[in-house]
Ligand SMILES: [Zn+2]
């Protein structure tokens with residue numbers, strides 16, 4: 002546990018990489034409600050290349 006606050010740095014020049022297939026993510030696919038393993042979350046984020054789930058969200062992403 003660190004006392005140091007997390008710093009957010011906007012880097013539009015860097016592409017995130019999928020932790021599963023290690024391809025660059027130029028976009029992230031999302032799926033809303035009804036995903037059977039995602040109770041309590043509204044949105045599922047997944048890789049467009051391998052379709053593995055990257056994370057869950059509350060559906061406030063614009
Ligand atoms: Zn992937």
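Residue numbers (this note's numbering): 2 to 63. Where a beta carbon is used, it is the ideal one built from N, C-alpha and C, also for glycine. Values in this document were obtained by computation on a predicted structure and should not be read as measured data.
Check, Outcome
"Span separating the alpha-carbon of residue 26 from that of residue 5", "29 Å"
"Residue from 50, 58, 45 whose Cα sits closest to the Cα of residue 24", "50"
"Contact belief for residue 54 with residue 44 at Cβ below 8 Å, rounded distance in angstroms", "About 11 Å; that fails the 8 Å criterion."
"CB of residue 30 within 8 Å of CB of residue 47, strictly", "yes"
"Span of the beta strand (DSSP E) around residue 30", "30–33"
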